[in-house]
Amino acid sequence: MDHPTFEKVQQLDLNSVAGLPTTGCEQSLGQAIPIMPLYRDLLADLETPISVYCKVAREPFCFLKESVMGGEHMARYSCIGIDPYMVLTHRGERATLRWLRQRGADVALEETIPCYDPLPLIQAELDRYHLVMPEGQEHEALPGFSGGAFGYLAYETAARFEH
Numbered sequence: 000m001d002h003p004t005f006e007k008v009q010q011l012d013l014n015s016v017a018g019l020p021t022t023g024c025e026q027s028l029g030q031a032i033p034i035m036p037l038y039r040d041l042l043a044d045l046e047t048p049i050s051v052y053c054k055v056a057r058e059p060f061c062f063l064k065e066s067v068m069g070g071e072h073m074a075r076y077s078c079i080g081i082d083p084y085m086v087l088t089h090r091g092e093r094a095t096l097r098w099l100r101q102r103g104a105d106v107a108l109e110e111t112i113p114c115y116d117p118l119p120l121i122q123a124e125l126d127r128y129h130l131v132m133p134e135g136q137e138h139e140a141l142p143g144f145s146g147g148a149f150g151y152l153a154y155e156t157a158a159r160f161e162h
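Spelled out as structure tokens, the structure:
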């Protein structure tokens, strides 16, 4: 697996990622934005998911999700999310998109639109991107969750799917 330096990661933008040798980047994707997952396994025997979360969660909208099921006491997987670029909030018939990071913008941009079902909005946003892998790497080398939309649907959302 490729282990880039922090400086190399900072230099990545659409132009430099598009120029990297990759697998799985077909011409038919049109205007899809290429994204390359970067991760690193770290030995952290003295850390817990909560202690790591407390160290890195400095901004709003950070989260810790753990895969504890049933009567288990330990999670199989823990996902920590920090620094999202967008937050979608849906209430009633309206969705609010809050764009937290925009190139050249100092403040978040917010847009409220009519929306009955938020799932097509989420799918449309995910469809804007295409996963590319470093040459010689396969998708199977990635951790179980390596990006996309993360969040939760409230209990009342079930009524949207029962029709």
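Just so we're aligned, residue 0 is where the sequence shown starts under numbering that gives the first Met the number 0, counting upward by one. The beta carbon of each residue, even a glycine, is placed where N, CA and C say it ideally should be. Bear in mind that the values here come from a model prediction, so they are computed numbers and not experimental data.
Once DSSP output is grouped into helix, strand and coil, what is the label at Ser77?
strand
For Met35, is the classification buried or exposed, using 16 other Cβ atoms within 10 angstroms of its Cβ as the cut-off for buried?
buried
C-alpha distance - Gln30 paired with His72, whole-angstrom precision:
45 Å
Should Cys61 and Phe149 be called a contact, given that it needs their Cβ atoms to be closer than 8 Å?
no
With H, G and I counted as helix, E and B as strand and the rest as coil, what does DSSP make of Leu125?
helix
Short of 7 Å in beta carbon distance, which residues of its chain neighbour Leu99, apart from the five on each side in sequence? Order them along the chain.
Pro83, Tyr84, Met85, Val86, Ala107
If you draw a straight line from the C-alpha of Gly167 to the C-alpha of Ala74, how long is it?
Outside the displayed range of the chain (0 to 162) lies residue 167, so it cannot be described from this structure.
Label Met132 either buried or exposed according to how many other C-beta atoms from any shown protein chain fall within 10 Å of its C-beta, with 16 as the threshold for buried.
buried
If we ignore side chains and look at the alpha-carbon of each, how far apart do Leu28 and His129 end up?
Because Leu28 carries a pLDDT of 46, less than 50, the predicted location of this residue cannot be relied on, and the following value inherits that uncertainty. Distance between the alpha carbons of Leu28 and His129: 8 Å.
Count the other CB atoms, across all protein chains shown, that sit within 10 Å of the CB of Tyr115; report buried if there are 16 or more and exposed otherwise.
exposed
Specify the secondary structure class of Thr156 as computed by DSSP and reduced to three states.
helix
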